[in-house]
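Q: Before I ask anything, let me first share the structure, which is written out below as C-alpha cells.
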Amino acid sequence: MAAHSADRRATPRPGDPALGSPRRPTPEAELAEALRTGPFSAALRAALAARGLALHRVQHRLAQRGIRVGVTSLSYWQRGVRRPERPESLRAVTALEEVLELPPHALTRLIGPRATSDHPPARSYRTLLEPAAALESLLASLAAPADGGLHTVIHYEHVHIGAHRELAARDSQHVVRAHRDGVDRYLAIHHGDPGCDTERVRVRGLGNCRVGRIRRHGASGMIVVELLFDGRLRVGETAVLGYRFEDGTGAPSHEYVRGFTYGGGQYVLQVGFDRAALPVHCRRFARPSATAPREAVADLTLNAHGSVHLMEQQIRPGVLGITWEWD
C-alpha cells in the first residue's frame, strides 16, 4: 500500500512572516541606504550602528590617527545639530571613513557646500550678474527659489568666438550635486553681448536633460532656461548634464564671465577663436562681485589651436572670467 504524504501548512500566527509583516532592514542595509541618500547626520548614525562603535571608541581611534575631535562634536554631527565645516573637522570626517570602514568620500560627499573662512557663504545672483533687476524678474517668472538646491562638482565650459568676433556659441558639460531633496531642474543663465537678439538665441539639451521653460529679457540680452532632469534628486545625489547656447547675434565680444553662487568644485573655461579673428592679448581674472575691481589678473597664451583656458581647482563664490583685446 502506497503511502501518501499530505501537504500540511501551519496556520500563521500573528507576527509570523507568512502574514506579510514587514521585516526591519539589517544595519548594513540601513547604512547602504543612508550613504546613498544622506543626509550626512543619518549616514554617520547608520555607520556607527552598523559597526557597533560608541562615540568614545571612535574618538580614541581618531586620536590614534592624530585627529583630535571631541565626543560632543561627534554627537552633534550624528544628531544633525552641527555639521563639520572647519578644515580640521573635514580631516576628521575623512579619517572617520577609514575608522568606520567606509569607501573614500562616502561621508564627505554628503556634507555639501561649506561655509568657512576659506569657502564663504553662498552669494546671491544680484551680486554676481548685471543687470540684477532683469535677472531677478526672469527668475521670479519661473518661481525660482533663492536656493536652487544644486552646487557645482565639475564644470567644463567651451566658448566659441566666431569669425566676426561674435560670441557664436557656448557648450557646457556640468556635474552638479543636490544639497537639498527634491531638486528636478537646473536653471542655466545666458547673458549676450550688447545688441544680442534674445529671440534668436537657441538652447539645446545635449545630454541627461531636456529644455523646459525659457524666459527672455531683450533689453538686457539675458535668458534663463530650465533644464529638466528625468527625476528628483535627493541630498548628495549628482547629475551630469550637457547643454549648448547658440547666439551669434551680439556685437564683437571682449570677455566671458561665469558667476558662482556656491564655493567648492572645479571649473574649466576654454575660449576658442576662429582662425580668421584672433585676439592680440588674453587675460584671466576673478572678482568677488559684478561691480568689484578685477583681481588675480594673469596673462594667458593663445595656443596653436587658437584657444586659451583657465582652470580653477576650488571655486569660490564670485566671478571668474577671461578677457581679450582685438587689434
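Letter by letter, the sequence shown follows residues 1 to 327 of UniProt numbering.
Beta carbons are placed, not taken as given, at the ideal position from N, Cα and C, and that holds for glycine.
Since the model is a prediction, treat every value here as computed from it, not as a measurement.
In angstroms, rounded to a whole number, what distance separates the CA positions of Asp-197 and Thr-249?
A: Those two C-alpha atoms are separated by around 6 angstroms.
Q: What number of angstroms, rounded off, separates the C-alpha of Leu-48 from the C-alpha of Ala-168?
A: In a straight line, the C-alpha of Leu-48 is about 54 angstroms away from that of Ala-168.
Q: DSSP three-state call for Arg-213: helix, strand or coil?
A: Of the three classes helix, strand and coil, the one that applies to Arg-213 here is strand, per DSSP.
Q: For Pro-131, collect the residues of the same chain with a Cβ closer than 8 angstroms to its Cβ; drop the 5 residues on either side in sequence, then sort them by chain order.
A: Cβ neighbours of Pro-131 beyond the five flanking positions: Ser-220 and Met-222.
Q: For the alpha helix (DSSP H) containing Tyr-76, name the first residue and the last one.
A: Where Tyr-76 is concerned, the enclosing alpha helix (DSSP H) stretches over 71–79.
Q: Which residue spans inside the stretch 166–198 form an unbroken beta strand (DSSP E) run of at least 3?
A: Fully enclosed beta strand (DSSP E) runs of 3 or longer: 167–178 and 183–191.
Q: First and last residue of the beta strand (DSSP E) that includes Ala-298?
A: Here the beta strand (DSSP E) through Ala-298 covers 295–300.
Q: When the Cα atoms are used, what is the spatial distance from His-119 to Glu-28?
A: Note that His-119 scores a pLDDT of 37, beneath 50, so its modelled location is shaky; the value from the coordinates is reported in the next line. Straight-line Cα distance between these residues: approximately 34 angstroms.
Q: For the alpha helix (DSSP H) that contains Gln-270, what are its first and last residues?
A: Gln-270 -> not in any alpha helix (DSSP H); beta strand (DSSP E) instead, spanning 266–273.
Q: Just to confirm before moving on: does the CB-CB distance between Ala-106 and Glu-98 stay below 8 angstroms?
A: No, Cβ-Cβ distance for Ala-106 and Glu-98 is not below 8 angstroms.
Q: Is the beta carbon of Leu-128 closer than 8 angstroms to that of His-217?
A: No.
Q: For a test of the three-state rule: what should DSSP assign to Ala-46, helix, strand or coil?
A: Ala-46: helix per DSSP, three-state reduction.
Q: Under the assumption that Gly-236 contacts Leu-135 (Cβ atoms under 8 angstroms), give the Cβ distance between them as a whole number of angstroms.
A: The Cβ separation is near 29 angstroms, so there is no contact.
Q: So, for residue 381: in the same chain, excluding its five sequence neighbours on each side, which residues have a beta-carbon less than 6 angstroms away from its beta-carbon?
A: The requested residue 381 does not occur in the structure, where the chain is confined to residues 1 to 327.
Q: Might you give, ordered along the chain, the residues of its own chain that have their beta carbon closer than 6 angstroms to the beta carbon of residue 328, omitting 5 neighbours on each side?
A: No answer is possible for residue 328: the residues shown for the chain start at 1 and end at 327.
Q: Count the other CB atoms, across all protein chains shown, that sit within 10 Å of the CB of Val-297; report buried if there are 16 or more and exposed otherwise.
A: Exposed.
Q: Around the Cβ of Val-183, are there at least 16 other Cβ atoms within 10 angstroms (buried) or fewer (exposed)?
A: The residue in question, Val-183, is buried, as its Cβ has 16 or more Cβ neighbours within 10 Å.
Q: Looking at Ala-163 and Asp-327, is the spacing between their C-beta atoms short of 8 angstroms?
A: The answer is no: Cβ separation not under 8 angstroms.
Q: Mapping the DSSP letters down to three states, classify Thr-127 as helix, strand or coil.
A: Thr-127 falls in the helix class under three-state DSSP.
Q: Three-state secondary structure (DSSP) at Ser-220?
A: Note: Ser-220 maps to coil in three-state DSSP.
Q: Can you say whether Val-58 is buried or exposed, counting buried as having 16 or more other CB atoms within 10 angstroms of its CB?
A: Buried.
Q: Mapping DSSP to helix, strand and coil, what is Thr-108?
A: Helix at Thr-108.
Q: According to DSSP, is Arg-254 part of a helix, a strand, or is it coil?
A: This sequence places His at residue 254; Arg is not what is there. In the structure shown, His-254 sits in coil (DSSP, three-state: anything other than H, G, I, E or B).
Q: In terms of residue numbering, what span does the beta strand (DSSP E) encompassing His-155 cover?
A: Element bounds for His-155: 150–161.
Q: Please look up how many angstroms separate the CB atoms of Arg-177 and Leu-142, rounded, as I've assumed it's under 8 angstroms.
A: With 8 angstroms as the limit, Arg-177 and Leu-142 do not qualify as a contact, their Cβ atoms being about 21 angstroms apart.
Q: Return the residue from the list Ala-251, Arg-91, Glu-157 and Ile-322 that minimises the CA-CA distance to Ala-63.
A: Considering only alpha carbons, the answer is Arg-91.
Q: What do you get for Arg-13, buried or exposed, if any count of 16 or more other CB atoms within 10 angstroms of its CB means buried?
A: In this prediction, Arg-13 scores a pLDDT of 45, lower than 50, which makes its location untrustworthy; the coordinate-derived value is nonetheless stated afterwards. It is exposed - the Cβ of Arg-13 has fewer than 16 other Cβ atoms within 10 Å.
Q: Using the C-alpha atoms, what's the distance from Thr-323 back to Leu-278?
A: Distance between the alpha carbons of Leu-278 and Thr-323 is about 13 angstroms.
Q: Give the DSSP-derived three-state secondary structure of Val-99 in the structure shown.
A: The answer is helix: DSSP assigns Val-99 an H, G or I state.
Q: Could you please give the first and the last residue of the uninterrupted alpha helix (DSSP H) stretch that includes Ser-137?
A: Segment 132–141, the alpha helix (DSSP H) holding Ser-137.
Q: At which residues does the alpha helix (DSSP H) containing Arg-57 begin and terminate?
A: Note, Arg-57: alpha helix (DSSP H), 55–64.
Q: What does the alpha-carbon distance come out to for the pair Gly-66 and Pro-87?
A: Those two C-alpha atoms are separated by around 14 angstroms.
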